[in-house]
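Down below is the structure, laid out as structure tokens.
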Amino acid sequence: MNTIQQQQINRTFDFVKTQLQNAEGGHDFQHSLRVRRNALLLMEHEGGNRFIIEMASLLHDVADYKFHDGNEKLGLEISQKLFEQLELEQSDAEKILYIIEHISFKGGIQSQKETFKEFYIVQDADRLDALGAIGIARTFNYGGFKNRPLFDPHIPPIEHSSKASYINSVSPTINHFYEKLLRLHDLMNTPTARRIAKEREDFMKQFLVHFYSEWFGKETKQFEFPES
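For the sequence shown, this note's numbering gives the first residue as 37, with consecutive numbering after it.
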């Protein structure tokens, strides 16, 4: 990575920090930094272009559609304007914009028409931040932000059949574990991410065991959603 690219990363770092200063706690600047750290860790094992990986990691949630009336293009528009100011190479800009546009889970039903190593790495890095202790914290933070109930045994999780169904879901917070989080291990692109995801998934399953034991007032060993 050359000096100009490092300067572009530094300016992007400052830009994203300002852009996300009032963001919801699970999708704020610290989330972007964790994704970047995850991505660089994966890159050590999987390879890839560091400049593309760092830029996409920093910018991937610069305008999350969940907090902008469902606008899935705003993050792309903001990033494109930034790239013009930074005078980014067109080929680099196109790759970064592709990652930003296609990284999100949105029910896990969309497929990418084309993929490349940097995309795989940044998507895995983002998904890893939805797992483990931080994944649990982010899930309940967002549930509180949306004023959702913690849990309702009479409202089982559903398998979303469309992106719209996933986006418009108002299920209790616990349901999110089954509708997304416990599916992420199988959706990882790289061997390194799958290994880390397995460890974090096991931790989340133990959390669910304790959650149900405390909720129902009796010991259980199950992490599966209880039948009502």
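The beta carbon of each residue, even a glycine, is placed where N, CA and C say it ideally should be.
All values reported here derive from a predicted model rather than from experimental measurement.
Between the CA atoms of residue j and residue i - distance to the nearest angstrom
i, j, result
"R174", "A166", "7 angstroms"
"P192", "R230", "27 angstroms"
"E130", "E260", "42 angstroms"
"I172", "H63", "13 angstroms"
"G83", "G253", "48 angstroms"
"L218", "Q44", "36 angstroms"
"N183", "E123", "42 angstroms"
"N85", "K153", "8 angstroms"
"G143", "T39", "Unreliable positioning characterises G143 in this predicted model, as indicated by a pLDDT of 46, which lies under 50. The coordinate reading is nonetheless provided below. Cα to Cα, the separation comes out at about 39 angstroms."
"H190", "S205", "16 angstroms"
"N46", "E237", "33 angstroms"
Residue i Cβ short of 7 angstroms to the ligand MG heavy atom set
i, result
"T226", "Among the components of this structure there are no ligands whatsoever, and the ligand MG is therefore not found."
CB-CB length for residue i against residue j, believed under 8 angstroms
i, j, result
"S93", "S68", "7 angstroms"
"T48", "L118", "7 angstroms"
"M79", "R163", "Their Cβ separation, rounded to whole angstroms, is 15 angstroms, which puts M79 and R163 out of contact at 8 angstroms."
"D128", "F87", "7 angstroms"
"I157", "A75", "5 angstroms"
"I139", "H96", "5 angstroms"
"R72", "E90", "6 angstroms"
Residue range of the alpha helix (DSSP H) that includes residue i
i, result
"D13", "Shown here, the chain extends from 37 to 264; a query on residue 13 therefore has no answer."
"V158", "153 to 164"
"K53", "39 to 55"
"S93", "86 to 95"
"M224", "Element bounds for M224: n/a, residue is neither H nor E."
"A75", "65 to 82"
(request) Go through the segment 165 to 192 residue by residue and report every complete run of the alpha helix (DSSP H) that reaches 4 residues or more, in order. (result) The alpha helix (DSSP H) runs lying completely inside the segment 165 to 192 and spanning 4 residues or more are 168 to 181, given in chain order.
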